[in-house]
Amino acid sequence: MSAISELSTLRSGRGRARTPQEKAALRRENNRDNKAAYLFLAPWFLGLAVITIGPMLASLYLSFTRYSLLQPPEWIGVQNYVDMLNDDRLHHSLKVTFTYVVVGVPLQLAFALAVAIVLDRGMRGLALYRSIFYLPSMLGGSVAIALLWRQMFGTEGLVNQLLGAVGIQTSIGWVSDPSYALWTIILLHVWTFGSPMVIFLAGLRQIPVMYHEAASVDGATRWTRFRRITLPLLSPIIFFNLVLQLINAFQSFTQAFVVSGGTGGPADSTMFYSLYLYQKGFGQFEMGYAAAMAWLLVLIVGVLTALNFLLSRFWVFYDD
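Each residue of the sequence shown is one higher than the last, beginning at 30 in my numbering.
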């Protein structure tokens, strides 16, 4: 028997019973393997403790204090959380953020899926188109794009110029009018569809062609095949993109900050929750209150994510 076979037999426990010496040798070997694994994982564990867990615990402590960054924290218990119940501006920021998420995320995913389906049909230069469509996801959260967006939707911006070219004369400042400002940012969010689009495209490539061919032979229309074959088989990918984009949307900050000049205006129409948190922490130096707001956001995202997982059993279909 070769050395590899002996080691396999020793590890699996098959064959004769192990002697105490063999058990001790196996334990030593396992310990050596574990030490090597821990050594390679040490940088990750260090980063997790210093960069993630440490700041989270510090933030949790600060959420129970009055802390202005200039003076030592003062313990006040749950007062920050009680104050949030009476903060009308915080409630408004939650309303704005939920509107952004509820409208923007489904529109973005629907648009990404539509583009992925078009690209999945096959075309010359597919790699080029895929890269071009993915580019907005890389740039959409940048300050430069937010500045460009503010210029495009200004009173004399490109949007009004294009409308004027087709005979629609308007002088609306889309980013300065409370009725339209939030919708321009939602449009920017939808425009950054590249990341979910690439994931959808990969999922579409994994659906066996024979299913569509068999359905076509049976007389199924293109819409029926999409509804009965593509969507059920793609549901795990849709679920993954939904959870990922939901979490990202709740953390949106740069677009609203740049478009509104950091004020959340006009009339708080773009006052995202993360922007209000920033104003409280670094504008008004109420860092303890901002930490409490951050943990409320963690709770909201956690509950919605858990709810998505709970409801996924009714519409997400796996191979098993």
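Ideal placement from N, C-alpha and C gives every residue a C-beta, glycine not left out. Computed from a prediction, not measured in an experiment: that's the story for all the values here.
- Excluding the 5 residues flanking it on each side, isoleucine 105 has same chain C-beta neighbours closer than 8 Å at Phe93, Thr94, Arg95, Gly317, in chain order.
- When DSSP states are grouped into helix, strand and coil, arginine 95 belongs to the strand group.
- By the Cβ rule, the region 256 to 275 does not count as touching the region 150 to 170, because fewer than three pairs are nearer than 8 Å.
- Rounded to whole angstroms, the gap between the alpha carbons of leucine 89 and valine 327 is 11 Å.
- When DSSP states are grouped into helix, strand and coil, glutamate 315 belongs to the coil group.
- Secondary structure note for aspartate 149: its alpha helix (DSSP H) is the uninterrupted segment 117 to 149.
- The closest CA to that of valine 330, considering only Tyr302, Phe69, Tyr307, is found on Tyr302.
- For glutamate 103, the three-state secondary structure derived from DSSP is strand.
- Across the structure, serine 171 and serine 289 are spaced so that their CA atoms are roughly 15 Å apart.
- Counting only the Cα atoms, leucine 260 lies some 9 Å from valine 345.
- With a contact defined as Cβ atoms closer than 8 Å, threonine 299 and alanine 210 qualify at about 5 Å.
- With 16 or more other Cβ atoms inside 10 Å of its own Cβ, lysine 309 counts as buried.
- A direct Cα-to-Cα measurement between isoleucine 146 and leucine 119 gives close to 40 Å.
- Per the coordinates, the alpha-carbon of valine 130 lies some 10 Å from the alpha-carbon of leucine 123.
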